[in-house]
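Since the structure comes first, as structure tokens, the remarks are kept for the end.
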Amino acid sequence: MALLAPTPLQKISPVAGMIRAPGQLICPDGLVFRKAENFIRRHVAKLLATRTRNTCELFALIDGPAGTGKSVLATDGLLRAGFHVATISGAQLAGSTENAATEALSELLDHLVAYSHSTGARVAVVLDDFHQSIVGTTQSHVGRTVNSDLLTAELQRIADPPRKYRSQCGTPIPFIFTGNDFSHTAPSLFRDMRAARFTHEPTRAEKQQIIEALFASTSCRERAALRYLAWVYAHQPIAFWAALKNDLVSDVLDRNLPDGELTHAAVEAMWPSHVPLHTLRLWRLARQRVRSTPKNHYRPRLAFNPLR
Numbered sequence: 002m003a004l005l006a007p008t009p010l011q012k013i014s015p016v017a018g019m020i021r022a023p024g025q026l027i028c029p030d031g032l033v034f035r036k037a038e039n040f041i042r043r044h045v046a047k048l049l050a051t052r053t054r055n056t057c058e059l060f061a062l063i064d065g066p067a068g069t070g071k072s073v074l075a076t077d078g079l080l081r082a083g084f085h086v087a088t089i090s091g092a093q094l095a096g097s098t099e100n101a102a103t104e105a106l107s108e109l110l111d112h113l114v115a116y117s118h119s120t121g122a123r124v125a126v127v128l129d130d131f132h133q134s135i136v137g138t139t140q141s142h143v144g145r146t147v148n149s150d151l152l153t154a155e156l157q158r159i160a161d162p163p164r165k166y167r168s169q170c171g172t173p174i175p176f177i178f179t180g181n182d183f184s185h186t187a188p189s190l191f192r193d194m195r196a197a198r199f200t201h202e203p204t205r206a207e208k209q210q211i212i213e214a215l216f217a218s219t220s221c222r223e224r225a226a227l228r229y230l231a232w233v234y235a236h237q238p239i240a241f242w243a244a245l246k247n248d249l250v251s252d253v254l255d256r257n258l259p260d261g262e263l264t265h266a267a268v269e270a271m272w273p274s275h276v277p278l279h280t281l282r283l284w285r286l287a288r289q290r291v292r293s294t295p296k297n298h299y300r301p302r303l304a305f306n307p308l309r
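Numbered per this note's numbering, the sequence shown spans residues 2 to 309.
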């Protein structure tokens, strides 16, 4: 979190360094998913309005396939709405002793309230990968504990009026939970009027926009190659394409790294202004990426590639 601006509570609050302020977007140049953005803005608008803040849903759930950018869109959506955002992993709400998870949550929220009163900022929480938390499943083989039940009860208490945890302006602190699948979570936790739900699954057109932006394609041939590759690997998540871009950069480095000491000037000198999208190389790296991904269930579509 070194890129984040210091906060007034940096010395006394363990969460101060985890808080992003508006303008500190995770992905400032990324595609804005309009439906997801509207869902987030609608959710916080109801919490801002005096007439609905005590009766509307406090929690918002964003689920969907892995690697589709749910955590980024949740955090950046709140930042664009003017909130200061603390993003933590759902797995952090745990402990080895009874009530430890509940105490961890209470400590986090107490510090957020103090931060808001110190800065005057509206604050929000993103609980990332909550399906992996101790309350993220009701399946018997996972093994529930007293901690699980206590944390579930505490979250339910927080969601219901009178809503103790509020920003300095009186707005209840919004919670956004992200996860791949909430179907195994205790039904009472995210029941109606406690949680609003949104399933994030980017369309093919949105994926294509992201892919072309990631690879900064400049020619018609490059864009055609990417479109066909995106069609063949249509079921792969967005994270696959970001990893593929990194594979392409690594491939360029393997071919051009100078011998001897690596200096900033030497690396900058060998770095091309634009990483060329050699079609055969890109297809080879894509196949390697699919084979190297553990338990990858997605097979490429079998079709003749006219660009090869």
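Idealized CB from N, CA, C, for every residue including glycine.
So what's residue i in DSSP terms, helix, strand or just coil?
i	result
Gln-289	helix
Val-62	Going by the sequence as given, residue 62 is Leu instead of Val. Looking at Leu-62 - three-state DSSP - the assignment turns out to be strand.
Ile-27	coil
Thr-294	coil
Arg-21	strand
Arg-164	coil
Glu-262	coil
Arg-192	coil
Phe-216	helix
Trp-272	coil
Glu-99	coil
Gln-237	coil
Gly-68	coil
Arg-52	coil
DSSP has residue i in a bridge; who is on the other side?
i	result
His-85	Val-124
Phe-176	Phe-60 and Val-126
Phe-199	Ile-63
Ile-159	Answer is none; Ile-159 lacks a bridge partner.
Ser-90	Asp-129
Is the beta carbon of residue j closer than 7 angstroms to that of residue i?
i	j	result
Ala-316	Phe-34	With the chain covering 2 to 309 only, the question about residue 316 has no answer from this structure.
Glu-104	Gly-78	no
Val-253	Val-276	yes
Arg-123	Ser-72	no
Ala-102	Ala-95	yes
Ala-75	Arg-42	no
Leu-26	Thr-172	no
Gly-180	Phe-131	yes
Gly-70	Thr-200	no
Ala-92	Ser-134	yes
Leu-230	Ser-218	no
Tyr-166	Val-114	yes
Ile-211	Leu-80	no
Ile-239	Gly-68	yes
Pro-259	Ala-267	yes
Measure from the alpha carbon of residue i to the alpha carbon of each residue in the options, then state which is nearest.
i	options	result
Pro-23	Thr-264, Phe-241, Thr-294 and His-85	His-85
Lys-36	Thr-280, Ser-220, Pro-163 and Pro-203	Pro-203
Pro-163	His-44, Ala-287, Gln-289 and Thr-53	Thr-53
Ile-174	Ser-189, Ala-67 and Ala-46	Ala-46
Arg-222	Arg-21, His-279, His-265 and Glu-58	His-279
Lys-246	Leu-283, Glu-269 and Val-126	Leu-283
Ile-20	Val-268, His-44, Pro-29 and Tyr-116	Tyr-116
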